[in-house]
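Data block below; observations after.
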Ligand SMILES: [Zn+2]
């Protein structure tokens, strides 16, 4: 009798367990397989993939799309990399918005929307991250994957005890072997993130990239925020952009990439290629550890009373009030800063001119919302739609 | 790559042991605990999480 009761309870527990397993498994798989539709703007002349520059990456999770916006007029080549940290959604949106709207009139723009695609196929359930977020557009809702700072362990596992950065030998935290802003310049036989960095270095070399821009967002508790971090090869441009934008449009700081901090894009890309790298940071209260409810609303509005409270106590490096830091402003900051960088780069390097068109203005993005600039994939010919 | 396969094999082994413990255990509370612990092992072996 007792054994019978034991098996009934065990059976119920097993059924509940299987239910949880199946439902969560389906949710995880749906997130991992969801594809964001990108409408190719008139400026896009070719869509390649990262594997075209490093064969072993072909067909893997990180074989991301590489969008080529070519003016046909000789000039400089700009590489823009979005979502290296896929939990920084304004970077994904800024890169997509550029692919859908911008073009080059002199030189070329090359865009990677998901620099570390694997990181966008996993979130942090333990931190209550939402799996998706949606942006209101003129034609309905557009759904995006939320991601994580690190590549998915399903693609890169196990981690080492300590991550030894190549080639500097600097010791870093174990999980940063999956953090693509710690694996530059990469190596062909390393971890997935190291191989992806290596592939981007080959792209930079093969395409003759003159300047690389790496997009990020950061928590307000982090000192490197609302700023431009520049390799010494682009200090003049970065300083001028920071001064002009701060004086005329919005506050943005400028920092010099530390010489001894290894693995970061703004250090290694410039040191190991002919392209200096500029990293942009926008404020994302969603990432603050003192935040309240971690949901899609916080991700999109950047409004949080706990982060505000931390600000009142002087614990933040960036201001915040009840208006928060909405996604439209964060994307607008990135898009406008990129446009300004091309303007100043062209002034300092006339032989590597990058003249761009089709960038919405900062005020348009803030007032109309970034969703206004995403196009309906169902109304264009299917060969003008790419999937991320 | 080889290391990754070995890790999956280890995960599958521990998953199997945990399930066997669940079946064998006379203490219902412990059995349920085995199930809870088993969850991440199964999700990883099926490459879901
Ligand atoms: Zn980042």
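Residue numbers (the numbering used here), protein chains in the order written: chain A, 112 to 499; chain B, 63 to 111. The C-beta atom is built at its ideal place from N, Cα and C for all residues, glycine as well. Please read all numbers here as calculations on a predicted model, not as lab measurements.
By the Cβ-count criterion, residue 266(A) is buried, with 16 or more other Cβ atoms from all chains shown falling within 10 Å of its own Cβ. Straight-line spacing of the CA atoms in residue 236(A) and residue 464(A) works out to 45 Å. The alpha-carbon of residue 275(A) is positioned some 6 Å away from that of residue 283(A). In this model, residue 130(A) and residue 198(A) are separated by some 29 Å (Cα to Cα). Below the 8 Å Cβ cutoff, chain A contributes 124, 125 and 128 as neighbours of residue 97(B), in chain order.
In the structure shown, residue 428(A) adopts coil according to DSSP, grouped into three states. Close CB contacts of residue 447(A) within its chain, under the 6 Å cut and outside five residues either way in sequence, are with 473 (chain order). Using a Cβ-Cβ cut-off of 8 Å, residue 63(B) does not count as an interface residue toward chain A, since no Cβ of chain A sits closer than that to its own. At a cut-off of 8 Å between C-beta atoms, residue 80(B) does not count as an interface residue with respect to chain A.
Around the beta carbon of residue 177(A), 16 or more other beta carbons lie within 10 angstroms, which makes this residue buried. Going by DSSP, residue 78(B) is part of the alpha helix (DSSP H) stretching over 64–86. In terms of beta-carbon proximity, residue 121(A) lines the interface with chain B, with at least one pair separated by less than 8 Å. Nearest to residue 137(A) by C-alpha distance, out of 97(B), 84(B), 94(B) and 110(B), is 110(B).
In terms of Cβ geometry, residue 216(A) and residue 408(A) do not form a close pair [threshold 8 Å]. Assignment of beta-bridge partners to residue 393(A) by DSSP yields 328(A). Ranked by how close their Cα comes to the Cα of residue 394(A), the residues 147(A), 385(A), 359(A) and 437(A) have 437(A) in first place.
Residue 268(A) has a beta carbon lying within less than 8 Å of a beta carbon in chain B. Contact between residue 298(A) and residue 261(A) is ruled out by a C-beta separation of about 18 Å, above the 8 Å threshold. With 16 or more other CB atoms across the displayed protein chains lying within 10 angstroms of its CB, residue 340(A) is buried. Here residue 318(A) is near residue 221(A), since their CB atoms are less than 8 Å apart. Under DSSP, residue 446(A) forms no beta bridge with any residue. Rounded to the nearest angstrom, the gap between the Cα atoms of residue 259(A) and residue 230(A) is 5 Å.
Against chain B, a Cβ distance below 9 Å from residue 136(A) picks out 104, 105, 108, 110 and 111. Boundaries of the alpha helix (DSSP H) harbouring residue 474(A): 473–479, taken from the DSSP string. CA-CA distance, residue 397(A) to residue 331(A), rounds to 9 Å.
Closest in C-alpha terms to residue 205(A), from the list 375(A), 483(A) and 116(A), comes 483(A). DSSP, reduced to helix, strand and coil, places residue 92(B) within a helical segment of the structure shown.
When 8 Å is used as the limit between beta carbons, residue 88(B) is near these residues of chain A: 117, in chain order. Closest in alpha carbon position to residue 399(A), among 357(A), 458(A), 337(A) and 329(A), is 329(A).
Short note on residue 292(A): C-beta closer than 7 Å to some heavy atom of ligand 1.
When distances are taken from the beta-carbon of residue 195(A) to the heavy atoms of ligand 1, the shortest one is below 7 Å.
Distances from the alpha-carbon of residue 90(B) to those of 115(A), 162(A), 156(A) and 144(A) put 115(A) closest.
Cβ atoms of residue 310(A) and residue 291(A) stay farther apart than 8 Å, at about 11 Å.
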